[in-house]
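A.B. asks: Counted from 1, the sequence shown has number 87 at position 87 by UniProt numbering; the numbering is strictly sequential.
One structure coming up, written as structure tokens, with questions to follow.
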Amino acid sequence: AAVVEDLCSKTRDPNFCKTVLGRDARTKAAGMFDLALVAIDMASTAASDTKAKIHTLHLSETNSKLKYYYQACESYYENSLNGLSIARDHLKKQDYVGVNEAASEVEDDASYCEDALNNPPFKSAFTKENSDLQLLADIVINAANLL
1 AAVVEDLCSK
11 TRDPNFCKTV
21 LGRDARTKAA
31 GMFDLALVAI
41 DMASTAASDT
51 KAKIHTLHLS
61 ETNSKLKYYY
71 QACESYYENS
81 LNGLSIARDH
91 LKKQDYVGVN
101 EAASEVEDDA
111 SYCEDALNNP
121 PFKSAFTKEN
131 SDLQLLADIV
141 INAANLL
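Spelled out as structure tokens, the structure:
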């Protein structure tokens, strides 16, 4: 639990960090390496779920501009999933700078999706999901920085 406290104190949203990591039984006795892996897994699940929701909306949307924005977001989430896979590979090789860089790109992709969907008159329906992915990537970045 002290490792979780140490990690979460460095993140942008310590309460979010403690809450999400506290939901996973693997974190109870985990070291920093395992916490990074858990955070990557959580971010991958979140990104996959959000990408699926965006895909469904993209397929059913009739407004061509909004359809375009959903398509852009889906692409950003595909990039996020690739970035998280790369982060996992770097972590296993103990390339923590590589983990940091890959997770930083995931943060950017979530931000780009939010920006794309917040094009007036449209308002993002995925603000929470985009924010959560950014915060999960931030956990990964901070775990890598502590390794």
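All residues carry an ideal CB built from backbone N, CA and C; glycine is no exception.
Comparing alpha-carbon positions, which option in C8, A116, I139 and F122 lies nearest M42?
C.D. replies: When each option's Cα is compared against that of M42, the closest is I139.
A.B. asks: For G22, count neighbouring Cβ atoms within 10 angstroms of its own Cβ and tell me buried if that reaches 16, exposed if not.
C.D. replies: The residue is exposed, with fewer than 16 neighbouring Cβ atoms inside 10 Å.
A.B. asks: For Y69 versus N119, is the C-beta distance shorter than 8 Å?
C.D. replies: Yes, the pair counts as a contact, with Cβ atoms nearer than the cut-off.
A.B. asks: Could you tell me the distance, in whole angstroms, from the CA atom of N130 to the CA atom of L66?
C.D. replies: About 17 Å.
A.B. asks: Between the segment 18 to 38 and the segment 121 to 129, do at least 3 Cβ pairs fall closer than 8 Å?
C.D. replies: Cβ pair count under 8 Å is below three, so no.
A.B. asks: Beta-carbon within less than 6 Å of D109's beta-carbon, same chain only, minus the 5 sequence neighbours each way: which residues are those?
C.D. replies: Cβ neighbours of D109 beyond the five flanking positions: Y76, N79 and S80.
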